[in-house]
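*Asks:*
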Amino acid sequence: MDSSSNMLYVADTDNHRIMSYVLNSPVGIIVAGGNGVGTLINQFLVIANCGVYTIVQWVIGSSGWTILVGCVGIYGSSPLMLYGPMGATLDSMGNIYVADAYTHRIQFFATGQRNGTTIAGVSGTTGMLSSQLNSPRSIALGNQLNMYVSD
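If you're matching positions, the sequence shown starts at 1 in full-length UniProt numbering and goes up one per residue.
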């Protein structure tokens, strides 16, 4: 949710697109993607690239993406690695928050850093205790950096 514009952005994963909705409007518009899985120039944003264990950023007008965190094709639970990143968001300072489903954790990456810190969940341990997560899928931040996780 972008409070400055009252726009809600939704990752429509199965349709390979990002939608935006004006607050209280049932009709959205495609803001990225919408033309299949791919590497097309109009598919940009900060993307949780689950299949190759990375978070990437695609800038409009570029011919490719930049890997922000993770190791292409290598998964794991170390501070450098991800395993099933399903959702990612940035705060206003450029820090990255990742819902890493298969390690049951939320990883925090300070701006420009490749080593993450587990800030929620117990890395590699699933459960129902208040300190544990079970395959977190998405993450959002509120105006005061309150974190909301779909688990």
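Beta carbons: idealized from backbone N, C-alpha and C, even for Gly. Note that the coordinates shown come from a computational prediction; the quantities given were computed from them, not determined experimentally.
Between which two residues does the beta strand (DSSP E) holding ALA120 run?
*Replies:* 117-121 is the span of the beta strand (DSSP E), which, as asked, contains ALA120.
*Asks:* From the DSSP secondary-structure annotation, give me the bridge partner or partners of PRO85.
*Replies:* Note: PRO85 sits in a beta bridge opposite ASP100.
*Asks:* What does the Cβ neighbour count give for GLN43, buried or exposed, with the cut at 16 atoms within 10 Å?
*Replies:* In this prediction, GLN43 has a pLDDT of 42, which is less than 50 and means its spatial position is unreliable; nothing more can be read from the coordinates.
*Asks:* DSSP three-state call for ASN49: helix, strand or coil?
*Replies:* In this structure, ASN49 counts as strand in the three-state DSSP scheme.
*Asks:* Taking DSSP as the reference, what is the three-state secondary structure of THR111?
*Replies:* Three-state DSSP puts THR111 in coil, outside helix and strand.
*Asks:* Return helix, strand or coil for ASP151, following the three-state DSSP convention.
*Replies:* Of the three classes helix, strand and coil, the one that applies to ASP151 here is coil, per DSSP.
*Asks:* Would VAL31 and VAL46 be called neighbours here (beta carbons separated by less than 9 Å)?
*Replies:* No; because the gap between Cβ atoms is not below 9 Å, this pair is not in contact.
*Asks:* On the three-pair Cβ rule with 8 Å, is the region 136-148 touching the region 79-98?
*Replies:* Because the criterion of three Cβ pairs below 8 Å is met, the region 136-148 and the region 79-98 touch.
*Asks:* Could you say which of MET7, GLY112 and THR125 lies nearest to THR103 if we only look at CA atoms?
*Replies:* The candidate whose alpha carbon is nearest that of THR103 is THR125.
*Asks:* Can you pull the DSSP bridge partners for TYR75?
*Replies:* According to DSSP, which records beta bridges pairwise, TYR75 is partnered with nothing at all.
*Asks:* Indicate whether ALA101 and TYR83 have their beta-carbon atoms separated by less than 9 Å.
*Replies:* Cβ distance < 9 Å, so ALA101 and TYR83 count as in contact.
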